[in-house]
Amino acid sequence: MNHFIIYQLIFLAFFEISFSQEYLWPTKEGKIISSNFGEPRPRRFHAGIDIISKEKNINHEIFAVEDGYIQKIKISSNGYGKVIYQKLIDGNIIIYAHLSSFNNLLNQISNIEQEKNNSYEIEKFFDKNEFLIKKGDLIGYLGETGGAYGPHLHFEIRDSLNRPINPLLNGFGIIDKHRPIPNEIALTPLDKNSIINGHNLTQIFNLKKKDIGQYEFPDTIHVYNKFGISLKSIDKINGLSWKYNITGISLNVNDVELFRIEYDKYDFKNNHLEEITIDNSLRRLNDGDFHRLFLIDNNLKTNFIKNNSNGILNLSQGYHNVLIKLFDHNNNISTIKGTFYVAPPIQIDVKIIEKKEDSVFFQMIPKGNPFPIQNFVCYIFNKKGFPEKKLGNLSLKKTKKGLIIELNEKDLNNKILQFIGINKFGAISEPLNYPYEVIYDDYLKTDFQLNISHLEKTVIFEISSKSFLPHKTEIKVKKDDVTFLNHKQLRPGVFHTSPLKINELKNMKNITFNILSNPKRELIFSFEPSISTFSKSTFSNDKNCNLIIHENTFYDTTAFWIRKVINNNTIKDGRQISDIYQLNPFNIPLKDSAVVKIKLKDFESIDKKGIFYYDKKEGWTYLKSKYDNKNKFFETSLFSLESVVILEDTIKPIIKEIFPGNNGIYKSSDVKEIKLKINDELSGIYNKNQVDITLDSKKIFFDYHPIKKTIKHNLINRLTPGNHEIIISAKDNVGNITIKKINFDIRNL
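For the sequence shown, position 213 matches number 276 in the numbering used here, and the numbering has no gaps at all.
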């Protein structure tokens, strides 16, 4: 085709720009969106809205939303796929992404660019006003190209500084009367001495619905020292079944706004802050997506945060009223009300004062606190430490200092009762475990394990077993000297230490857990973490795995370590070459990358091997690896701390569903495209450069869809009668190669 003719057509498209007050919706299929602006994605925010058709299929017409000109078109096998960038007359930029195709003129231009560059992937820029577009002009068709999960139009609006802005707040509104729906709040301790309802760890509370759009705390929450609030919520839109990100949240304490977040616009350089805008720790612990209403560091503020307060609460003793407002793009509002009671933590004493034939009477009083206990909660655990139920009382009597509680005796035998007391101000005690006629397991044969909880500013050690221990215990850590740690049996068989500041872990060698009975039992757990402010590297105990950081890997001072995973049965495919190593702390987000190295055994070759990490949805997933021949290590970089292993993958890619088929006979008019599918179950094929296709000895370019694993090449010219040969070569990420030859005939039938 004559290139000059095509570009002449472009210049003839000039027309007078007319101004309009409102944008046009880009489809005629109704205002149906499957996701909205600001939704959390891996290490980024969703920069637009996803528009789908009623039938959820492709090739529906896409129209220009306003007058302007085309800045560029781009075609790639990942990311936005086929995409148009349009500059509007008001200075904003519109992105129409994942298109199945452009309009006829843009298709011709893209075909020219592909032929000229002999590449499916192209990027074509236009000068200002070179390719003018009127509001309502057909510019393309809805598709699923690039990294699209299903047919949709990814639609963005950016300001003149290339910052994504919320379309639903800027000319693309949708009728919606649904109020946001809050589900849970989480309170996170932010200091060594912080307590939430008697606990040092983050506590999650279900919210109670009081009325339409009105929610409240389940009860007064007892807090002490610094903490932050996070909120799990969703939004709905009239007539649509999807769940959406909320548009904004405000936090007020005692009628003063302390934090406000609005998903209106942001800068792409803020994308990595998604993992601290949404609480990464709660997400990694499978608790869901919680919006943080606090900032650990004011230097890590996204454009979404609208005030100068960091939202961290350190309230004076007494009662404090809380009001949280959630709002959506149409300013539908839901509210959450609650009360914090701020006071030091309390403890209780419990003892049996009377037994009857069918019931037992317990006395509960405060320990070292003048305020009487006025309410309680009791949970039943079996002797293995598993919770069974919440126990109700037969009778309850208030005394001057506490309670007399009557419980049904048949519920108690060989059980552990966990009592929690509540005083008249709403202060909640630390839990107290009370064994009732328990036949104990042999503590000398009981298995124990060490777990470490890395919080925002502190670390808590947990030593756990599947058996309640009635004995006195001690926990000590060995550094340059020996330090004994305060601890408590938080629930039957599970001991927690008091929080330690991160720097207190410096030079730590091991943790010792002693059971002070006769005979005494001593368990020593090796634990030698590195501290990010002092060291940039840590090794596994066997020295075969190395985690390397740099000064920007973490957001804050962090302890990091490696644990060998024992008895793991997740590897179903491939041959396991190394041990599995868990990089820690797995719940702490990374500001920038880290490097992991795993040693290859001396007798193993490097062929068909690499480092894989475990993804809970996809299973073992390949990480781009390189081999250090001098030190015999495979190494890779990553942006989260995962379970990693060296695997060997010897299974070649599978090439299937090929058209035209081998030995097929076709009319020329029936063969308009070449298409096929490539599967590689373990290491995978990440990009189109790992696939080569020739047609009659000439290399052809094609569209590779990395999610659907499909390949398609549109034939520009009809095939001539006679025999034709297609050769397909596919190489997976560790070097396994499959070559397939297809011979077919074109005949004038």
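Note that CB positions come from ideal geometry on N, CA and C, so glycine has one too.
All of these numbers come straight from a predicted model, not from anything done at the bench.
Asked	Found
Extent of the continuous alpha helix (DSSP H) run through residue 173	167 to 180
Whether residue 496 touches residue 555 by CB criterion (8 angstroms)	yes
Same chain, Cβ closer than 7 angstroms to residue 412, five either side skipped, listed in chain order	428 and 430
Cβ-Cβ separation, residue 603 to residue 629 (assumed contact under 8 angstroms), whole Å	About 12 angstroms; that fails the 8 angstroms criterion.
Contacting residues, own chain, Cβ-Cβ under 7 angstroms from residue 233 (five flanking each side not counted)	220
Segments of 3+ residues assigned as beta strand (DSSP E) that fall wholly inside the region 364 to 413	381 to 390 and 396 to 405
Contact belief for residue 362 with residue 373 at Cβ below 8 angstroms, rounded distance in angstroms	Between residue 373 and residue 362 the Cβ distance is about 11 angstroms, and since that is not below 8 angstroms, they are no contact.
Element boundaries [alpha helix (DSSP H), containing residue 344]	343 to 347
Close-in-space but distant-in-sequence residues of the same chain around residue 582 (CB under 8 angstroms, 5 per side omitted)	507
Residue 691 classed as buried or exposed, judged by whether at least 16 other C-beta atoms fall within 10 angstroms	exposed
Beta carbon proximity, residue 763 to chain B, threshold 8 angstroms	Given the protein chain composition of this structure (a single chain), no chain B is represented.
Rounded C-alpha distance that separates residue 295 from residue 355	9 angstroms
Residue 733 - DSSP class collapsed to helix/strand/coil	helix
Proximity of residue 249 and residue 386 at Cβ, strictly below 8 angstroms	no
For residue 574, the nearest candidate out of 239, 566 and 545 (CA to CA)	545
Own chain, CB closer than 8 angstroms to residue 410, minus 5 neighbours either side, in chain order	429, 430, 431, 432, 492, 493 and 495
Residue 534 classed as buried or exposed, judged by whether at least 16 other C-beta atoms fall within 10 angstroms	exposed
Cross-strand partners of residue 767 (DSSP beta bridge)	774
Residue 267: first and last residue of the uninterrupted beta strand (DSSP E) it sits in	266 to 269
Close-in-space but distant-in-sequence residues of the same chain around residue 786 (CB under 6 angstroms, 5 per side omitted)	808
Rounded C-alpha distance that separates residue 210 from residue 521	39 angstroms
One or two residues paired with residue 453 in a DSSP bridge	442
Delimiting residues of the alpha helix (DSSP H) encompassing residue 340	337 to 340
Between the CA atoms of residue 273 and residue 84 - distance to the nearest angstrom	Note that residue 84 scores a pLDDT of 47, beneath 50, so its modelled location is shaky; the value from the coordinates is reported in the next line. C-alpha separation (whole angstroms): 42 angstroms.
Sequence-distant residues of the same chain with beta carbon closer than 6 angstroms to residue 421, five excluded per side	472
Top-ranked residue by Cα proximity to residue 133, from 188, 452, 143 and 760	188
Terminal residues of the beta strand (DSSP E) in which residue 678 lies	672 to 678
Anticipated Cβ contact below 8 angstroms, residue 757 with residue 790, distance rounded	5 angstroms
Length of the line joining the Cα atoms of residue 357 and residue 293	8 angstroms
Same chain, Cβ closer than 7 angstroms to residue 677, neighbours up to 5 away in sequence not counted	633, 683, 705 and 706
Bridge-paired residues (DSSP) for residue 432	Answer by DSSP bridge pairing: none, since residue 432 is not bridged.
Residue closest to residue 143, alpha-carbon to alpha-carbon, out of 405, 206, 180 and 87	206
For residue 195: DSSP bridge partner residues	132
Stretch-stretch touch, CB-based, cutoff 8 angstroms, three pairs: the region 397 to 404 with the region 333 to 343	no
Alpha-carbon to alpha-carbon, residue 729 and residue 679	45 angstroms
Exposure of residue 417, with buried meaning 16 or more beta-carbon neighbours within 10 Å	exposed
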